[in-house]
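A.B. asks:
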Amino acid sequence: MAKLSDIVGIISKIAAPGLAESWDNSGLQVGDPAAEIKRIMVSLDASPAVVESAIALGCQLLVTHHPLIFKPQKTISASTPLGHIIHKAISGGLAIVSMHTNYDIAEDGLNDVLAAKLGLTGCLPLQITSEQELLKLVVFVPEGSLEAVRRALLPYAENIGAYRDCSFSASGEGTFTPQDGSKPFIGTIGETEHTRELRLELLISRPMLARSVKTLLAVHPYEEPAFDVYPLLNEGKKLGLGRVGRLVTTVSLAEFAEQVGVALGMNGLRYVGNPTAQVKKVALCSGSGASLLHTAARAGADVLVTGDVKYHDARDAEDLGIALIDAGHFHTEIIMVDAVSNRLDLMLKESGFDNCEVLTSSVESDPFKYCQVQKISNK
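Under this note's numbering, the first residue of the sequence shown carries the number 1, and numbering increases by one thereafter.
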């Protein structure tokens, strides 16, 4: 049976906690790490309606994008809106975990999901926030145990370009003398052992080190496995907020705005710029990303797609000569629900937690309503 700590570990593989912005509060919000989890719901927010729905459907965990708790609380009173949700979750046995800016920044995270929805290719981070630190994990394995250890460690290995499951192995001779109190897998206490071993190497990122070593120690047949960790000068992936990429076909701003609305299932959106202007290079940032307007302009983007655009953001876009599409906070982020639930379901199965069910919230909607406005003639 999966425990909450197991699920948090899997979520950390999707979006490493260390990627989150310093002001953010991603991660475990409410819950007991030792609690058993049979059913999970994924939602954008931990609203009262979502929490009640998750409890009613027998969920023990709610995975959200927006954190329930952003700032330290002096009291947790059920008389306040936030306190009421926290009390409701605890009394209903519902843990809450958020994956916020770490999921925005992560490779294959929310901004990559949004870029795919909009048909962008060749995407790169719009604003670099960190560079991945790469390490070489080397472990020495007795003959016959190589594949079992390799299979256990490959989920932590970094891709090399378009190639996954990358590792290297070479044979050699290991020596050791078991001492009193040891329980050797091979050899006899007091006698020096010469045995054929294989050197297994994998490329891993710094956030994966602790979990990969824990796995190594769990699956390795030796009582005291020998392993090395080397820092590398290789450049890792550059990670950051937003994305910038290109459309397959150049279209007018008006056409692209309509494509964005259709792709995100919107009833309406706002945009700034000449409707006939040609759009090829597109910058985007899910949620509230108008602060990246100047960065998008410097990147040579024809348009920035984001949400929560203010009046002065629109004026800045006009001055910079870059188009701006306000696709709304909700619609640029609600797409995380299906993306996270599908990925979490797959990773649970790969981890052997086949009896853990993942649901998606069905009670969330855009808080903004749209109406058709018609001019009334005075005649």
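C-beta: ideal position from N, C-alpha, C; glycine also.
All values derive from a computational prediction rather than experimental measurement.
So what does DSSP say about H220, is it helix, strand or coil?
C.D. replies: H220: coil per DSSP, three-state reduction.
A.B. asks: Mark N267 as exposed unless 16 or more other C-beta atoms lie within 10 angstroms of its C-beta, in which case mark it buried.
C.D. replies: Its Cβ having fewer than 16 others within 10 Å, N267 is exposed.
A.B. asks: Tell me, please, which residues DSSP counts as bridged to S362.
C.D. replies: S362 pairs with nothing; no bridge assigned.
A.B. asks: In angstroms, rounded to a whole number, what distance separates the CA positions of V303 and L324?
C.D. replies: Near 5 angstroms, if we compare the C-alpha coordinates of L324 and V303.
A.B. asks: Measure the C-alpha to C-alpha separation of Q127 and L359 and round it to an integer number of angstroms.
C.D. replies: Their Cα atoms are separated by approximately 33 angstroms.
A.B. asks: Cα separation between I76 and P67?
C.D. replies: Taking the straight line from one Cα to the other gives about 16 angstroms.
A.B. asks: Taking its Cβ as the centre, do 16 or more other Cβ atoms sit within 10 Å of N102, making it buried, or is it exposed?
C.D. replies: Buried.
A.B. asks: Under 7 angstroms Cβ to Cβ from V337, same chain only, skipping five residues before and after it: list those, please.
C.D. replies: Excluding positions up to five away in sequence, the list reads V42, S43, L44, T360 and S361.
A.B. asks: List the DSSP bridge partners of G240.
C.D. replies: Paired residues: I128.
A.B. asks: A339 and V113 look like a contact to me (Cβ under 8 angstroms); what is the Cβ gap, rounded to whole Å?
C.D. replies: Right, their Cβ atoms sit about 5 angstroms apart.
A.B. asks: Within a Cβ cutoff of 6 angstroms, which residues of the same chain sit near F168, ignoring the five residues on either side of it in sequence?
C.D. replies: Taken in chain order, the residues that qualify are E201.
A.B. asks: Determine the extent of the alpha helix (DSSP H) in which V42 is found, giving its start and end residues.
C.D. replies: Counting along the chain, V42 falls outside any alpha helix (DSSP H), though it belongs to the beta strand (DSSP E) covering R39 to S43.
A.B. asks: Just confirm the distance between the C-beta atoms of V272 and E318, as a whole number of angstroms; I'd bet it's less than 8 angstroms.
C.D. replies: That pair is a contact at about 7 angstroms.
A.B. asks: Along the chain, where does the beta strand (DSSP E) containing V373 start, and where does it finish?
C.D. replies: Run containing V373: none; DSSP gives neither H nor E here.
A.B. asks: May I have the straight-line CA-CA distance separating Y156 from I96, to the nearest angstrom?
C.D. replies: The straight-line gap from Cα to Cα measures roughly 25 angstroms.
A.B. asks: Quick check on this structure: which residue in Q374, P142, G83 and D313 has the alpha carbon closest to the alpha carbon of P72?
C.D. replies: Cα-wise, what sits closest to P72 is G83.
A.B. asks: Do you know how far the Cα of E52 is from the Cα of L247?
C.D. replies: Roughly 41 angstroms between the two C-alpha positions.
A.B. asks: Residues in the same chain with beta-carbon distance under 6 angstroms from F176, minus the five sequence neighbours each way, listed in chain order, please.
C.D. replies: Hits under 6 angstroms: E193.
A.B. asks: Let me confirm a value: S111 is counted as buried when at least 16 other C-beta atoms fall within 10 Å, else exposed. Which label applies?
C.D. replies: First, the amino acid is wrong: residue 111 is Asn here, not Ser. Label assigned to N111: buried.
A.B. asks: What does the alpha-carbon distance come out to for the pair G27 and A89?
C.D. replies: Distance between the alpha carbons of G27 and A89 is about 16 angstroms.
A.B. asks: Determine the closest residue to P231 out of A314, G261 and V138, with distance taken between C-alpha atoms.
C.D. replies: Checking every option, the nearest Cα to that of P231 belongs to V138.
A.B. asks: How big is the Cα-Cα spacing for F185 and E147?
C.D. replies: Looking at the two C-alpha atoms, the distance is approximately 17 angstroms.
A.B. asks: For a test of the three-state rule: what should DSSP assign to P225, helix, strand or coil?
C.D. replies: In the structure shown, P225 sits in coil (DSSP, three-state: anything other than H, G, I, E or B).
A.B. asks: Leaving out five residues on either side along the sequence, give the residues of the same chain with a beta carbon under 7 angstroms from the beta carbon of K117.
C.D. replies: So the qualifying residues of the chain are A263, L264 and I335.
A.B. asks: For the beta strand (DSSP E) holding E201, just list the boundary residues, first then last.
C.D. replies: Where E201 is concerned, the enclosing beta strand (DSSP E) stretches over E193 to S205.
A.B. asks: Going by DSSP, what residue range makes up the beta strand (DSSP E) through P142?
C.D. replies: First-last of the beta strand (DSSP E) with P142: L134 to P142.
A.B. asks: Going by DSSP, what residue range makes up the beta strand (DSSP E) through V380?
C.D. replies: No answer is possible for residue 380: the residues shown for the chain start at 1 and end at 379.
A.B. asks: Specify the secondary structure class of G187 as computed by DSSP and reduced to three states.
C.D. replies: G187 falls in the coil class under three-state DSSP.
A.B. asks: Counting along the chain, where does the alpha helix (DSSP H) carrying F330 start and finish?
C.D. replies: Element bounds for F330: H329 to E333.
A.B. asks: According to DSSP, Q278 sits in a beta bridge with which residue or residues?
C.D. replies: Q278 is bridged to S252.
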